[in-house]
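Residue numbers (the working numbering): 22 to 612.
Below is one structure, written out as structure tokens; comments come after it.
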Ligand code: F6R
């Protein structure tokens, strides 16, 4: 996720901005840049890679400037694509977070009117639009430019002729930091905390004009007052947005991640180019870990919704025994795009003549260079080793892909799409009741073994739930199809082994209840995950984690978010080091 900083005041803007950008490093970035106004010119610096020591850089002296850490979305990481972006005359500089979805048409339009573009980014159109609209009033020009933008954005702009900054927010966060004789604007609080703890969180549609000793906020053309908050956190706390761990913060980012991923591929209808699927007779997913579990859910969706046969292979096994590939589409799923086993599986698949699609989170990663076709998830950087929001983003892409390839009647597809559109709200509702999950976690935190069971789509959800539990709480957690218990795992059940049972509102429901009764007969404590309308399940289990009722296919989202929280609170109760579990790395770059 990109980071924005703007400064006006009495200090050297370059030093303030670079040190503030360092405070946003936790968000992840691949390149960065700063623009400072001096006299009636702009001085810019742009770099790829880490910032390093602030003292290494010195721009011209000036007290107004803007800066940016970039997490590439449109255009690879490079100095040219790094922000700030400028207009044709280098008078206007812009930094931006978010995605401008109509940038291609705007770019063409601006080019036809003589604007010259230097980068591949969506952001650069903003600088040129403001240039077109500028008649001496920067705020007016910004307002007019913004009217033409579709997408999500937090934008800060400066002009060489103005002793001011203008910013606007729509679906991407921005906070004002209020100092004494100085003003800050940033995408997150840590950027300003070295200088002030008085902040204003801007709201969607807010546009703000800032001077070194004041600011005005407008919304919908009217001046508005916004509450000033005093931040009580330390810098370290604030990087986590006040959450105790990145993992919890990232789980809470899920609704926004779903919105961003849907936004990327769903405007009026599903906007995925599936030309890669022409003539294929089967799909093989390759992935590792959590991405492997997303693949299992992908297989379920593809087979259920499209009828195309699909298989899932551990990337590390595919390497030794690639299945015969003829008219096969290989879909590699990887958050980092750098997992060595997955990359090798992709290379082998290509060598065997398969078409390879990558569902990937990190732009410019190695997987994006190997794949024939890329579908990005829009989860933003994930810092906690345990994958949470990126897993849900992978599911969202898989829903969209399966629905796009689906042969279901149009009305049924539309119903599912409508439900997909409300998934951010559904996840918000789960997060609002997380204290109930925390209470249940306290009941199971002292056990050393657990069993997760499900049927149908519940099986891969159970596998991912068990993986989350084991990797961060160090509790031995196994996942089984509920029907398999009687073929061996029953021997493990008893008072010492709680069972997490996933209830899916489909044809598996009744038989799952029977399985739960069998488990109870072995005296295991049972925690069920079930929907709010399910009045039956609580008769048979010890605790129920409730989630909003959805079509059964979307339980992969609802139940998984609940299980992520269960793992998180269990690990927290056990005092584990949640964000960096022992022996694990975020990106596994060795085979
Ligand atoms: C578990 C987890 C790992 C990764 C796996 C693959 O929470 O994060 O199991 O899912 O290492 O990583 P990517 O998706 O980056 O290929």
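The beta carbon of each residue, even a glycine, is placed where N, CA and C say it ideally should be.
- Pairing residue 480 with residue 184, the inter-Cα distance amounts to about 60 Å.
- For residue 279 and residue 226, the gap between their C-alpha atoms comes out near 21 Å.
- Residue 461 holds the alpha-carbon nearest to the alpha-carbon of residue 519 among 461, 502, 478, 557.
- Secondary structure remark: continuous beta strand (DSSP E) runs of at least 3 residues inside the segment 364-436, in chain order: 376-381, 394-397.
- Within 7 Å of the C-beta of residue 356 there is at least one heavy atom belonging to ligand 1.
- Not one heavy atom of ligand 1 sits closer than 7 Å to the Cβ of residue 385.
- Proximity of the beta carbon of residue 407 to ligand 1 is indicated: a heavy atom of the ligand is located closer than 7 Å.
- As a beta-bridge residue in DSSP terms, residue 118 pairs with 175.
- For residue 52, the enclosing beta strand (DSSP E) has its first and last residue at 52-59.
- Under the 10 Å beta carbon count, residue 341 is surrounded by fewer than 16 other beta carbons and is classified as exposed.
- In the structure shown, residue 479 falls within a helical segment according to DSSP collapsed to helix, strand and coil.
- When rounded, the separation of the alpha-carbon atoms in residue 133 and residue 395 is 30 Å.
- Using a C-beta cut-off of 8 Å, the segment 438-447 makes no contact with the segment 303-317, since fewer than three inter-stretch Cβ pairs fall below that distance.
- The Cβ-Cβ distance between residue 275 and residue 457 does not fall below 8 Å.
- Within the DSSP bridge table, the entry for residue 24 names 90 as partners.
- Excluding sequence positions up to five before and after residue 92, its CB lies within less than 8 Å of the CB of 22, 23, 48, 49, 50, 51, 384, 401, 402, all in the same chain and listed in chain order.
- For the alpha helix (DSSP H) assignment, the uninterrupted runs of no fewer than 4 residues enclosed by the segment 241-281 are, from N- to C-terminal side, 256-260, 267-273.
- For ligand 1, a non-hydrogen atom lies closer than 7 Å to the CB of residue 488.
- For the pair of segments examined, the segment 582-595 was found not to touch the segment 558-565: the number of CB pairs separated by less than 8 Å stays below three.
- Each of 35, 148, 549 was checked against the Cα of residue 53, and the nearest Cα belongs to 35.
- According to DSSP, residue 67 shares a beta bridge with 54.
- Membership of residue 213 in any beta strand (DSSP E) is not indicated, and neither H nor E is assigned to it by DSSP.
- Contiguous alpha helix (DSSP H) elements confined to the segment 313-364 occur at 336-339, taking only those with 4 or more residues.
- Beta-bridge pairing by DSSP links residue 231 to 186, 236.
- If you look at residue 143, you'll find it isn't in any beta strand (DSSP E); DSSP assigns it neither H nor E.
- Excluding the 5 residues flanking it on each side, residue 247 has same chain C-beta neighbours closer than 6 Å at 221, 238, in chain order.
- Take the alpha-carbon of residue 515 and the one of residue 472: they are about 11 Å apart.
- Distances between the C-beta of residue 139 and the heavy atoms of ligand 1 are all 7 Å or more.
- In this structure, 432 is the residue among 432, 344, 414, 151 with its C-alpha nearest to the C-alpha of residue 290.
- Closest in alpha carbon position to residue 122, among 255, 292, 374, is 292.
- Contact fails between the segment 257-273 and the segment 290-309, because fewer than three Cβ pairs, one in each stretch, are under 8 Å apart.
- When DSSP states are grouped into helix, strand and coil, residue 580 belongs to the helix group.
- Beyond the five residues adjoining it in sequence on each side, residue 38 comes within less than 6 Å, by CB distance, of 26, 28, 55, 86, 88 in the same chain, given in chain order.
- Residue pairing from DSSP places residue 219 in a beta bridge opposite 251.
- If you check the CB distance, residue 259 and residue 118 do not come in under 8 Å.
- Just so you know, the alpha carbons of residue 199 and residue 205 end up roughly 6 Å apart.
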